[in-house]
Amino acid sequence: MVRPLLEISRFKMYFHTDKGVVKAVDDVDLTVNEGEVVGLVGESGCGKSVTSLSVMGLVPRPPGRVEGGSIRLADRELTHLKGREWRKIRGNVVSMIFQEPMTSLNPVFTIGDQIVEAIRQHRKLDKKAARRLAADSLQEVGISRKGILEEYPHQLSGGMRQRVMIAMAMVCRPKLLIADEPTTALDVTIQAQILDLMRRLNRETGTAILMITHDLGVVAEMCDRVVVMYAGQVVEEADVNTLFNQPRHPYTQGLLQSIPRLGQRAERLYSIPGNVPNPKQMPTGCRFAPRCEYAMNICRTEEPGLFAIGDGQNSRCWLHVDKKEEADRDPTTTTS
Amino acid sequence: MSTNTPTIQKEEQGTGPGTEPVDSPLRDNLRALLRHRSAMIGGGIILFFILIALIAPLLLPYGYNQIDPDARLQAPSGEHWFGTDDFGRDIFARVIYGARISLWVGFFAISGSIVVGSALGLIAGFYGGWRDTLISRLFDILLAFPAILLAIAIVAMLGPSLENAMYAIAIINVPTFGRLMRSRVLAVKQEDYVLAARAIGMKDRRILFSHILPNSWTPIMVQGTLGFATAVLEAAALGFIGMGAQPPEPEWGKMLSDSRAFIQSAPWTMVFPGLAIMLTVLGFNLLGDGLRDVFDPRMKQ
Chain G
1 MVRPLLEISR FKMYFHTDKG VVKAVDDVDL TVNEGEVVGL VGESGCGKSV TSLSVMGLVP
61 RPPGRVEGGS IRLADRELTH LKGREWRKIR GNVVSMIFQE PMTSLNPVFT IGDQIVEAIR
121 QHRKLDKKAA RRLAADSLQE VGISRKGILE EYPHQLSGGM RQRVMIAMAM VCRPKLLIAD
181 EPTTALDVTI QAQILDLMRR LNRETGTAIL MITHDLGVVA EMCDRVVVMY AGQVVEEADV
241 NTLFNQPRHP YTQGLLQSIP RLGQRAERLY SIPGNVPNPK QMPTGCRFAP RCEYAMNICR
301 TEEPGLFAIG DGQNSRCWLH VDKKEEADRD PTTTTS
Chain B
1 MSTNTPTIQK EEQGTGPGTE PVDSPLRDNL RALLRHRSAM IGGGIILFFI LIALIAPLLL
61 PYGYNQIDPD ARLQAPSGEH WFGTDDFGRD IFARVIYGAR ISLWVGFFAI SGSIVVGSAL
121 GLIAGFYGGW RDTLISRLFD ILLAFPAILL AIAIVAMLGP SLENAMYAIA IINVPTFGRL
181 MRSRVLAVKQ EDYVLAARAI GMKDRRILFS HILPNSWTPI MVQGTLGFAT AVLEAAALGF
241 IGMGAQPPEP EWGKMLSDSR AFIQSAPWTM VFPGLAIMLT VLGFNLLGDG LRDVFDPRMK
301 Q
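Going line by line, the protein sequences match chains G and B. Numbering of the first sequence is given in full-length UniProt numbering, commencing with residue 1 and proceeding in unit increments. Numbering of the second sequence is given in full-length UniProt numbering, commencing with residue 1 and proceeding in unit increments.
This is the structure:
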């Protein structure tokens with residue numbers, strides 16, 4: 001039976017800057033079940049990174065401020081945690097790997113030292129045992145060469161460094177691994193290896209993965225379920241097959257259409273017209289309405305809720321409102 | 001930095017058995033420094049001065065304060081290599097003992113500036129907020145005065161002596177290192193590995209000492225070497241106006257000022273201490289420039 005591991009509900013993270021309030025994450029609901037791989041998809045600046053950093057408690061505050069909602073991880077509320085309690089969770093219950101493996105390792109220490117350091121944050125092991133565990137963890141991510149512990153990051157390729165990052169993130173067996181575009185900076189061949197590795201670790205250790213990406217190919221390959229974000233909100237949520245076969249939100253449809261296909265020579269590549277709205281001046285009503293080819297009058301005046309449309313699929317679009325009653329979790333934003 | 005460097009070729013190279021012995025980045029830089037010609041010349045000069053300062057008493061037939069009224073203002077000769085001054089003291093001995101004083105003052109003054117400045121810069125850069133405001137304004141105030149004027153004011157307050165001149169030089173150089181460290185910390189703080197360290201639950205203090213500091217100290221080292229030259233000059237300047245070393249200490253700047261009256265009749269009283277100052281400063285500047293070349297990432301490759 002599936003038990004929710006991470007439950008983000010109605011979470012809002014705003015940035016208070018000199019030039020106004022940026023609603024980076026606005027009313028986001030997101031659930032990751034135990035052992036599940038969930039993709040979080042969206043364009044740059046849609047709030048997916050801020051969402052993930054919020055789960056890690058790594059959003060700089062100020063300027064960031066939690067304006068409401070909750071994040072529950074393994075039955076613990078995270079939004080009120082203080083420094084010490086956060087540190088017990090980071091790396092231990094939830095870990096994160098980053099986009100840029102070339103800069104995610106400290107250039108002045110050896111790989112071994114850095115993994116041992118990660119281990120000793122959470123486990124009371126002596127140096128020797130920690131070092132053995134570090135070697136094991138590297139073996140687990142497919143690096144078994146001798147002497148790797150004594151090597152420096154600059155001696156490794158990007159793919160190897162990302163493996164080291166994964167080993168470091170996984171060494172304390174977190175329940176959730178957040179991967180922020182872990183393959184974007186890598187060669188295509190290495191990308192596939194890293195994705196395979198993550199898939200295998202997910203199966204073997206039961207660690208759930210929240211995969212943040214803008215690459216729908218990665219989503220198709222890796223994820224059980226997908227959450228699509230647009231302008232700080234979740235616009236569609238579905239299991240991976242449903243999303244690819246029957247995308248319901250016009251934005252998701254646009255995203256899928258924009259993927260160039262091999263072997264198909266189109267006159268023009270499709271792109272969604274218009275631009276992402278300025279986060280300081282969100283359009284009233286649906287945030288996608290100015291770019292949406294189906295936009296109706298109501299779209300420009302009232303903000304749609306996240307409507308359940310069956311089979312665990314949700315969509316934030318007025319097009320679906322007559323098909324199913326509005327999802328009960330969102331009574332304030334709609335009046336109809 | 002290029003982001004697309006990972007190639008299959010590299011991967012194979014790295015995984016091959018029996019890879020060559022591994023060098024730390026520090027060791028690599030050291031080797032590059034040894035190949036840097038002008039840095040080595042500078043280092044040689046400094047080493048030479050350190051050596052003669054260390055073995056000064058063994059080297060000399062005369063004490064630096066050995067007065068010989070019969071041998072006043074003698075020109076350089078086999079007996080007095082650099083000649084004698086108006087008290088008949090051997091200038092060679094005084095210049096060599098002067099190396100002790102100058103290096104000692106330079107070393108302690110700059111070490112003091114580095115320790116205090118780096119600590120303040122670290123705190124300001126890492127924690128930000130009111131601490132940053134307080135420390136940065138303090139630096140601004142110190143920098144608002146011309147350095148040497150401030151040094152004179154400090155010595156005037158503490159009373160003229162070599163030790164107080166050293167404190168003064170240490171104080172006026174604090175903001176240089178403080179600002180350098182602060183800007184470096186602000187940059188390193190944004191690095192992904194700092195975020196990654198936070199993401200594995202590392203404490204602030206630990207991050208500060210194991211990630212930020214080791215990645216911030218190279219410009220401090222470069223600046224420290226260059227600052228050493230400045231400190232030697234400042235000590236000489238304070239000595240020259242009588243705010244530093246007191247007679248009969250053989251401080252180079254003081255020797256210069258004492259020789260003013262004999263510039264024409266006995267130029268060697270001025271030339272040798274002047275040369276000693278120049279060479280020391282040159283040595284540290286050359287070494288400092290070399291260090292900068294080696295550690296500046298833009299110079300790599």
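Cβ atoms here follow ideal geometry from the backbone N, Cα and C, with glycine treated the same way.
Under a three-way DSSP split, which group does residue i fall into?
i                     : result
residue 59 (chain B)  : helix
residue 334 (chain G) : Here the model assigns residue 334 (chain G) a pLDDT of 43, short of 50, so the residue's position is not dependable and the matter cannot be decided.
residue 314 (chain G) : strand
residue 11 (chain B)  : Since pLDDT at residue 11 (chain B) reaches only 38, below the 50 mark, its modelled position is unreliable, and the value read off the structure follows with that caveat. Note: residue 11 (chain B) maps to helix in three-state DSSP.
residue 21 (chain G)  : strand
residue 3 (chain B)   : In this prediction, residue 3 (chain B) scores a pLDDT of 42, lower than 50, which makes its location untrustworthy; no coordinate-derived value is stated.
residue 270 (chain G) : coil
residue 59 (chain G)  : coil
residue 67 (chain G)  : strand
residue 303 (chain B) : What the structure shows of chain B is the stretch from 1 to 301, and residue 303 (chain B) is not part of that stretch, so it cannot be assessed.
residue 211 (chain B) : helix
residue 47 (chain B)  : helix
residue 117 (chain B) : helix
residue 123 (chain G) : coil
residue 47 (chain G)  : coil
residue 39 (chain G)  : strand
residue 111 (chain G) : helix
residue 28 (chain G)  : strand
residue 251 (chain G) : helix
Take residue i and list the residues in its own chain whose beta-carbon comes closer than 6 angstroms to its own, dropping the five residues that flank it on each side.
i                     : result
residue 251 (chain G) : 230, 235 and 288
residue 30 (chain G)  : 8 and 227
residue 39 (chain G)  : 211, 219, 223 and 226
residue 336 (chain G) : Confidence in residue 336 (chain G) is poor, its pLDDT being 39 and thus under 50, which makes the residue's placement unreliable; the coordinate value appears in the next sentence. Cβ neighbours of residue 336 (chain G) beyond the five flanking positions: none.
residue 172 (chain B) : 147, 150 and 151
residue 145 (chain G) : none
residue 247 (chain G) : 253 and 256
residue 65 (chain B)  : 248
Hey, residue i and residue j: beta-carbon distance below 7 angstroms or not?
i                     : j                     : result
residue 283 (chain B) : residue 222 (chain B) : no
residue 186 (chain B) : residue 121 (chain B) : no
residue 72 (chain B)  : residue 90 (chain B)  : no
residue 171 (chain G) : residue 118 (chain G) : yes
residue 105 (chain B) : residue 166 (chain B) : yes
residue 212 (chain B) : residue 174 (chain B) : no
residue 317 (chain G) : residue 249 (chain G) : yes
residue 260 (chain G) : residue 269 (chain G) : yes
residue 291 (chain G) : residue 274 (chain G) : yes
residue 290 (chain B) : residue 39 (chain B)  : yes
residue 236 (chain B) : residue 252 (chain B) : yes
residue 207 (chain B) : residue 197 (chain B) : yes
Which chain G residues are close to residue i, counting only those with a beta carbon under 7 angstroms from its beta carbon?
i                     : result
residue 211 (chain B) : 106
residue 24 (chain B)  : 152
residue 193 (chain B) : 103, 104, 105 and 106
residue 214 (chain B) : 108
Who are the neighbours of residue i on chain G, taking C-beta pairs under 9 angstroms?
i                     : result
residue 181 (chain B) : Residues of chain G passing the Cβ test: none, with the nearest at roughly 16 angstroms.
residue 202 (chain B) : 87, 90, 91, 117, 118 and 121
List the residues of chain B that residue i touches, going by C-beta distances under 8 angstroms, in chain order.
i                    : result
residue 58 (chain G) : 195, 198 and 199
residue 95 (chain G) : 199 and 200
DSSP puts residue i in a beta bridge; with which residues?
i                     : result
residue 233 (chain G) : G:230
residue 33 (chain G)  : G:4
residue 177 (chain G) : G:95 and G:209
residue 9 (chain G)   : G:70
residue 77 (chain G)  : G:72
residue 261 (chain B) : Bridge partners of residue 261 (chain B): none, in fact.
residue 238 (chain G) : G:226
Please go through the same chain and pick out, in chain order, the residues whose beta-carbon is closer than 7 angstroms to the beta-carbon of residue i, but skip the five residues on each side of it.
i                     : result
residue 221 (chain G) : 195
residue 242 (chain G) : 311 and 313
residue 249 (chain B) : 101 and 162
residue 263 (chain B) : 270
residue 74 (chain G)  : 5, 93 and 175
residue 216 (chain B) : 181, 184, 185 and 188
residue 112 (chain B) : 170
residue 294 (chain G) : 250 and 319
Please list the partners that residue i has in chain B, where partner means a Cβ-to-Cβ separation under 9 angstroms.
i                     : result
residue 168 (chain G) : 196 and 200
Taking 8 angstroms as the limit between beta carbons, can you name the residues of its chain near residue i, skipping five residues before and five after?
i                     : result
residue 45 (chain G)  : 276 and 279
residue 180 (chain B) : 117, 121, 219, 220 and 223
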